[in-house]
Amino acid sequence: MEVIGGTAAVSQLLGQAITIIQKIQDARAKVHSAADHLDGYQDQLENLLSTLQLVQGEPELQTRPIEKQVQKIINLGRGLQRQLDAFAAQLTRSKTRQYTHAMFSGDKDERELETALTQLDRAKATLNTMIVTTHVGLSGSMRAGFEVALAVVQRVDRNVQSVVGERLCMAAHLEERRMGEEGDNTVPLTAEEVKAMNFVDKVSWVDNEAFDDASLFESDLVERQIHASTERLYKGNKAHGRSTVVQGRADAASVVAILEAKQRQKSRVDGVNI
-15 MEVIGGTAAV
-5 SQLLGQAITI
5 IQKIQDARAK
15 VHSAADHLDG
25 YQDQLENLLS
35 TLQLVQGEPE
45 LQTRPIEKQV
55 QKIINLGRGL
65 QRQLDAFAAQ
75 LTRSKTRQYT
85 HAMFSGDKDE
95 RELETALTQL
105 DRAKATLNTM
115 IVTTHVGLSG
125 SMRAGFEVAL
135 AVVQRVDRNV
145 QSVVGERLCM
155 AAHLEERRMG
165 EEGDNTVPLT
175 AEEVKAMNFV
185 DKVSWVDNEA
195 FDDASLFESD
205 LVERQIHAST
215 ERLYKGNKAH
225 GRSTVVQGRA
235 DAASVVAILE
245 AKQRQKSRVD
255 GVNI
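In terms of the numbering used here, the sequence shown is residues -15 to 258.
Here it is as structure tokens:
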């Protein structure tokens, strides 16, 4: 699982989304008498609010893809809120509710409101899909193998089911696993389980070249912590002069070791040429 960096930033983002949905509910309440069909979206807004509160209360669900989807919901929500506020103001200016209803029914504003609500509903459906496919309670890597904290998976699964109405996919895969006899709830994943949960780290290098005295490394120099399906492509990169380019995961110690080795090699060559 790749958790969003910065707890305060996560809380702020989710807080914004929740506040916007609550404001949309308030704005919808002001106009429902003039546009009765908007009542049908009340359950949609309630469900979305509950889903956002679920993510807010479960750090294990606060991944980068979900963060981006929450930001999309914020953007859509702000647009919908502006539309509802504008229509509420229009209602206030009208002399009679009947006139406003006749003016509003079937016109462009109504279609735009329905489009905005539909887009928000689709964004909620995408968020739900991301939630149920999130990997939680994991530690380890592709190379060393994975372990999973069953208690964490079971807790998040219960909370997701109560809000979204679906099981975590990984909870279904691990349904037959049991905690250790000594109460250790962390169990290793089998190769079959890793495959079933689609843990993939696909890396490709295409048309990368080094010229002159440049060095180009096409490899991960340190172990990657892969907790979700990933794909990387390094394509068309050129190294010139005496540059050193690493195309893969590396830490500071790895880079220093490369540069020191390159310097030693240069010193030996210079010594031979003297």
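Backbone N, C-alpha and C fix where the C-beta goes; we use that ideal spot for every residue, glycine too.
In the structure shown, what three-state DSSP assignment does Val171 receive? In the three-state DSSP reduction, Val171 falls in the strand class (E or B).
Integer Cβ distance of Gly220 from Asp196, believed to fall under 8 Å: Wrong, their Cβ atoms sit about 18 Å apart, outside the cutoff.
Between Ile258 and the rest of its own chain, which residues show a CB-CB distance below 8 Å, the 5 nearest in sequence each way excluded? Model confidence at Ile258 stands at a pLDDT of 48, short of 50, so the residue's coordinates are unreliable and nothing is read from them.
Could you pull the DSSP bridge partners for Glu131 from this structure? Bridge partners of Glu131 according to DSSP: Ser123 and Pro172.
Would you identify the three-state DSSP class for Glu244, choosing helix, strand or coil? In the structure shown, the three-state DSSP call for Glu244 is helix.
Rounded C-alpha distance that separates Ala223 from Leu200: In this model, Ala223 and Leu200 are separated by some 7 Å (Cα to Cα).
If we call anything under 8 Å between Cβ atoms a contact, is Ala100 one with Leu45? No, the pair does not count as a contact, with Cβ atoms beyond the cut-off.
Restricting to Cα atoms, I'd like to know which of Arg62, Leu60, Thr3 and Ala13 is closest to Ser34. Closest option to Ser34, Cα to Cα, is Thr3.
Three-state secondary structure assigned by DSSP to Ala198: Ala198: coil per DSSP, three-state reduction.
May I ask which residues mark the beginning and end of the beta strand (DSSP E) holding Gln37? According to the DSSP assignment, Gln37 belongs to no beta strand (DSSP E) but to the alpha helix (DSSP H) extending over Gln26 to Gly41.
Please name the residue or residues paired with Glu193 in a DSSP beta bridge. Note: Glu193 sits in a beta bridge opposite Lys222.
Rounded straight-line distance, which links the Cα of Lys108 to that of Ala1: Cα to Cα, Ala1 sits roughly 12 Å from Lys108.
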